[in-house]
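According to the numbering used here, the sequence shown is numbered sequentially starting from 279. These notes are about the structure you will find just below.
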Amino acid sequence: MAGNSSRAILFALGANFAIAVAKGVAAYFTRSSAMLAETVHSLADCGNQLLLLLGLKQARKPPSPEYPLGHGKATYFWSFLVAVILFSVGGMFSLYEGMHKLQAPEPLRQWWWAVGVLVFGIVAEGISMRACLQEVNKSRGDRSLWRWFRESRQSELVVIFGEDLAALLGLCFALIAVLATVVTGNPVWDAVGTIAIGVLLVVVAVLVAIEVKAMLIGQSIDPRRQAEIRRFLEGRAEIGRVLNLITLQLGPEALVSVQARMREEGDAGAMLADITEVERALKAQFPEVRWSFFEPESRKVLTAEEKGAPGL
């Protein structure tokens, strides 16, 4: 079962907007560079979530003669753009601000503002992260989060997971930096915390970009889902053997191409009816399959695989 990406995005948008306002107030009163970096980070995240919602809306456009396979991959474009923004606006700004404060440290003022806001932010981001994980768990099954992250084809959910994780860890880094500055009286810790936040955002942005880039180029569907489709086809009475199965994820929808040897080959009309029935059952069992192409293979024709070639 696929996760509801829109729900996770809306939770993240609400949390980040509230946190951005609170962080901005705290940054003004405390003059903390870590708080300023976190403010920019949260504002960038708000813009990112709006772009993800735009991508989901565009992906629902119907196919047309100019776009015969629909607009599903629009979500990949906007997700990749979000990763770029997270890298540049969030990560690089934090690194710049941290290096600047490291060279010219400035003492914190009214540090309790920062602590209060950061604790509030951790709670709010925790709620957002919980909502995201609820949607992730619907699709990851018994896989680890890392394996799900590498195999998932829901780019917007991958981005939201990465953003929420970076935001939660970034808040913890900022809180540790502020407390260390207060305890030691050394403002260098605030700058170090800002740099740590920048490094975190850059790493998360790069990991997200790598995953979304693969989807943008053209990936098969989730490996587990593809295995389920193969087992389904091999279990059909109309099919003697599945010779080749190609899938392509197109946003929320998928394309499936099947090359198979049918059990009944004598009557062309009967074989066509069998193929039609298999495709109908396939789309009923796997609702995400929007397009299917079926190529029957005669027993008289040896496939490249059967001849010992590398494969089809």
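We put the beta carbon where it would ideally sit given N, CA and C, even for glycine.
Checklist line | Own chain residues within Cβ distance below 7 angstroms of L435, not counting five before or after | finding: G281, S283, A286, E413 and V414
Checklist line | Pair within 7 angstroms by beta-carbon distance, T472 and G369 | finding: no
Notebook entry, point to check: alpha helix (DSSP H) containing I495: first to last residue?
Noted result: V466 to I495
Next item on the list: Whole angstroms is fine: what's the gap from A505's alpha carbon to L347's?
Entry: 23 angstroms
Check: Just checking, does the region 291-300 make contact with the region 391-408 on the three C-beta pairs under 8 angstroms criterion?
Finding: yes
Checklist line | E555 and S570 closer than 7 angstroms at C-beta | finding: no
Notebook entry, point to check: Are the beta-carbon atoms belonging to L364 and A452 less than 7 angstroms from one another?
Noted result: no
Check: Cα-Cα, which of F564, G529, V466 and A538 is closest to G333?
Finding: G529
Note to self: Rounded to whole angstroms, what is the Cα-Cα separation between Q388 and F307?
What the structure shows: 6 angstroms
Notebook entry, point to check: Given a threshold of 16 other Cβ atoms within 10 Å of its Cβ, counted over all protein chains shown, does Q381 qualify as buried or as exposed?
Noted result: exposed
Margin query: Would V477 and A532 be called neighbours here (beta carbons separated by less than 7 angstroms)?
Written below: no
Margin query: On the DSSP letters alone, give me the boundaries of the alpha helix (DSSP H) that V367 sits inside.
Written below: It is not in any alpha helix (DSSP H) - V367 carries neither H nor E in the DSSP assignment.
Checklist line | DSSP bridge partner residues for E413 (one or two, in chain order) | finding: Answer is none; E413 lacks a bridge partner.
Next item on the list: Have a look at R519, A290, H378 and A337 and flag the residue whose alpha-carbon is nearest the alpha-carbon of S311.
Entry: H378
Item checked: Three-state secondary structure (DSSP) of Q504 -> helix
Note to self: Short of 6 angstroms in beta carbon distance, which residues of its chain neighbour R309, apart from the five on each side in sequence? Order them along the chain.
What the structure shows: E384 and R387
Next item on the list: For I524, write down the residues that DSSP places opposite it in a beta bridge.
Entry: S535
Next item on the list: Go ahead and label L449 buried or exposed: buried means 16 or more other beta carbons lie within 10 angstroms of its beta carbon, across all protein chains shown.
Entry: buried
Check: Which partner residues does E573 have in the DSSP bridge list?
Finding: Q537
Notebook entry, point to check: According to the Cβ coordinates, are S406 and A315 closer than 7 angstroms?
Noted result: no
Next item on the list: Can you say whether K351 is buried or exposed, counting buried as having 16 or more other CB atoms within 10 angstroms of its CB?
Entry: buried
Checklist line | 7 angstroms Cβ shell around I499 - same chain, five flanking residues per side excluded | finding: R431, T525, Q527 and A532
Notebook entry, point to check: Would you call P574 buried or exposed, if buried means 16 or more other Cβ atoms sit within 10 Å of its Cβ?
Noted result: buried
Margin query: Out of R418, P340, E344 and V437, which one is the CA nearest neighbour of G325?
Written below: V437
Check: In this structure, does DSSP put I400 in helix, strand or coil?
Finding: helix
Next item on the list: Please determine, among S433, A546 and T317, the residue with the shortest C-alpha to C-alpha distance to W356.
Entry: S433
Next item on the list: Note down the Cα distance separating D442 from A361, rounded to an integer number of angstroms.
Entry: 13 angstroms
Next item on the list: Measure the C-alpha to C-alpha separation of A474 and D468 and round it to an integer number of angstroms.
Entry: 10 angstroms
Margin query: By alpha-carbon positions, which one of G440, R541 and Y374 ends up nearest to F358?
Written below: G440
Check: Tell me the DSSP bridge mates of I517?
Finding: M540
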